[in-house]
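Colleague:
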Amino acid sequence: MQKKLPYVRDRLIEGYFWILGVYFEPQHSHTRIFLMKTSMWLIVLDDTYDNYGTYEELKIFSDAVQRWSMSCLDLLPEYMKLIYQELLNHHQEMEESLEKEGKTYQIHYVIEMAKEVLENNLVEAKWLKEGYMPTLEEYMSVSMKTCTYGLMIARSFVGRVDNMVTEDTFKWVATYPPIIKAACLVLRLMDDITTHKEQERGRVASSIECYQKETGASEKEACEFISNMVEDAWKVINRESLRPTDIPFPLLPSTINFARACDVIYKVNDSYTHARKEMINHIKSLLVHPLAI
Numbered sequence: 004m005q006k007k008l009p010y011v012r013d014r015l016i017e018g019y020f021w022i023l024g025v026y027f028e029p030q031h032s033h034t035r036i037f038l039m040k041t042s043m044w045l046i047v048l049d050d051t052y053d054n055y056g057t058y059e060e061l062k063i064f065s066d067a068v069q070r071w072s073m074s075c076l077d078l079l080p081e082y083m084k085l086i087y088q089e090l091l092n093h094h095q096e097m098e099e100s101l102e103k104e105g106k107t108y109q110i111h112y113v114i115e116m117a118k119e120v121l122e123n124n125l126v127e128a129k130w131l132k133e134g135y136m137p138t139l140e141e142y143m144s145v146s147m148k149t150c151t152y153g154l155m156i157a158r159s160f161v162g163r164v165d166n167m168v169t170e171d172t173f174k175w176v177a178t179y180p181p182i183i184k185a186a187c188l189v190l191r192l193m194d195d196i197t198t199h200k201e202q203e204r205g206r207v208a209s210s211i212e213c214y215q216k217e218t219g220a221s222e223k224e225a226c227e228f229i230s231n232m233v234e235d236a237w238k239v240i241n242r243e244s245l246r247p248t249d250i251p252f253p254l255l256p257s258t259i260n261f262a263r264a265c266d267v268i269y270k271v272n273d274s275y276t277h278a279r280k281e282m283i284n285h286i287k288s289l290l291v292h293p294l295a296i
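Take 4 as the starting number for the sequence shown in my numbering and just add one per residue.
Structure below.
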């Protein structure tokens with residue numbers, strides 16, 4: 004798809020590295036494939052909403068996603084037809100794969116969460132169009148969805164072979180319980196800390212700028228405040244991982260692993276967008292160099 008949409012980042016290897024940080028076990032290969040495909044079309048959507056589409060185009064696309072029907076194709080700009088078609092085909096492929104296992108109900112929940120992500124992406128696009136600077140609270144309520152971790156965590160439960168996943172699992176994810184909120188917060192804020200200067204190049208304001216505008220803090224003070232929020236989020240993850248939950252405990256590690264993978268990728272810089280020496284060495288160590296025995 005990247006060849007037909009040249010504005011989209013090509014991050015196949017980096018995406019696979021990220022997904023391996025969530026599920027490395029051989030028995031979860033089916034789910035890992037779903038997650039990998041999902042991460043690829045999320046890049047397409049992210050780059051379309053953040054960097055390419057006009058607000059008017061994005062509104063048409065978002066409305067079409069809410070309707071979720073191939074009958075909407077003719078309403079879309081030409082380049083968006085491919086995106087929309089691939090989005091629906093991807094979910095149709097997942098549904099057909101799960102039909103043999105009697106798990107097609109899982110697709111309903113992830114589609115609804117995908118709709119929620121794009122609905123909030125449109126809110127961010129509107130902020131950018133209008134030059135609106137949200138409060139930190141407004142920003143977090145929207146970016147909690149647009150960071151896509153809630154959706155990806157739901158995806159991480161699709162097609163698992165251990166039969167621990169039920170409808171209640173997806174309902175639990177959709178409520179964004181504390182451990183999922185904290186994982187989303189780790190991704191969103193670590194990303195903001197390493198990439199907030201992109202706001203100067205026409206991106207929606209990050210948590211750094213929102214906090215500065217709201218409090219009059221300096222950039223350094225804002226970064227320290229947001230870093231403390233990340234530390235607090237890790238405390239929530241640690242606390243919640245030790246408490247009884249509404250889902251079987253073996254399902255929790257994938258949720259925690261999303262945050263762990265994020266900590267590796269955004270620790271120093273945005274290694275997902277700009278893979279530098281450290282990230283390249285991680286990938287080579289994991290996927291290229293043999294283990295010494």
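The beta carbon of each residue, even a glycine, is placed where N, CA and C say it ideally should be.
Owing to the predicted nature of the structure, the values given are computational and were not obtained by experimental measurement.
Evaluate residue 142 with the Cβ neighbour count: other Cβ atoms within 10 Å of its Cβ, from every protein chain shown; 16 or more gives buried, anything less gives exposed.
Modeller: Per the 10 Å Cβ criterion, buried.
Colleague: If I'm right that residue 131 touches residue 82 with Cβ under 8 Å, what's the distance once you round it to whole angstroms?
Modeller: In fact, because the Cβ distance is near 20 Å, the residues do not count as touching under 8 Å.
Colleague: In the DSSP assignment, find the alpha helix (DSSP H) that holds residue 25 and state where it starts and stops.
Modeller: 15-25 is the span of the alpha helix (DSSP H), which, as asked, contains residue 25.
Colleague: Could you check whether the segment 187-196 touches the segment 120-135, counting it as contact only if at least three pairs of C-beta atoms, one from each stretch, sit closer than 8 Å?
Modeller: Flag = no, the segment 187-196 and the segment 120-135 do not touch.
Colleague: Among 90, 50, 85, whose alpha-carbon lies nearest the alpha-carbon of residue 69?
Modeller: Minimum Cα distance to residue 69 is reached at 90.
Colleague: Going by other Cβ atoms of all chains shown within 10 Å of its Cβ, with 16 needed for buried, is residue 189 buried or exposed?
Modeller: With 16 or more Cβ atoms within 10 Å of its Cβ, residue 189 is classed as buried.
Colleague: Please state the DSSP three-state secondary structure of residue 171.
Modeller: DSSP places residue 171 in helix when its eight states are reduced to three.
Colleague: Give me the Cα-Cα distance between residue 52 and residue 293, rounded to the nearest whole angstrom.
Modeller: Cα to Cα, residue 52 sits roughly 40 Å from residue 293.
Colleague: Quick one, which of 161, 10, 120 has its alpha-carbon nearest residue 105's?
Modeller: The option with the nearest alpha carbon to residue 105 is 161.
Colleague: Any idea what DSSP makes of residue 226, helix, strand or coil?
Modeller: Helix at residue 226.
Colleague: So, with DSSP's three-state summary, where would you put residue 53?
Modeller: Helix at residue 53.
Colleague: Can residue 58 and residue 76 be called in contact, C-beta distance under 8 Å?
Modeller: Result no, Cβ atoms of residue 58 and residue 76 do not sit closer than 8 Å.
Colleague: Specify, as a first and last residue, the run of the alpha helix (DSSP H) that residue 71 falls within.
Modeller: No alpha helix (DSSP H) holds residue 71; DSSP gives it neither H nor E.
Colleague: Would the beta-carbon of residue 41 fall within 8 Å of that of residue 155?
Modeller: Taking 8 Å as the Cβ cut-off, residue 41 and residue 155 qualify as a contacting pair.
Colleague: At what residues does the alpha helix (DSSP H) containing residue 195 begin and finish?
Modeller: From DSSP, the alpha helix (DSSP H) with residue 195 extends over 181-198.
Colleague: Apart from the five residues just before and just after residue 253, which ones in its own chain have a Cβ nearer than 8 Å to its Cβ?
Modeller: Excluding positions up to five away in sequence, the list reads 165, 167.
Colleague: DSSP on residue 134, reduced to helix/strand/coil?
Modeller: Correct three-state label for residue 134: coil.
Colleague: Are residue 24 and residue 284 touching if we call contact CB-CB under 8 Å?
Modeller: Not closer than 8 Å, so no.
Colleague: Taking the Cβ atom as the reference point for each residue, do residue 286 and residue 27 lie within a distance shorter than 8 Å?
Modeller: The answer is no: Cβ separation not under 8 Å.
Colleague: How would you call residue 291, buried or exposed, if buried means at least 16 neighbouring beta carbons within 10 angstroms?
Modeller: Under this definition residue 291 is an exposed residue.
Colleague: How would you label residue 185, buried or exposed, when you count the other beta carbons within 10 angstroms and need 16 or more for buried?
Modeller: By the 10 Å Cβ count, residue 185 comes out buried.
Colleague: Between the beta-carbon of residue 45 and the beta-carbon of residue 64, is there less than 8 Å?
Modeller: No, these two residues do not count as a Cβ contact at 8 Å.
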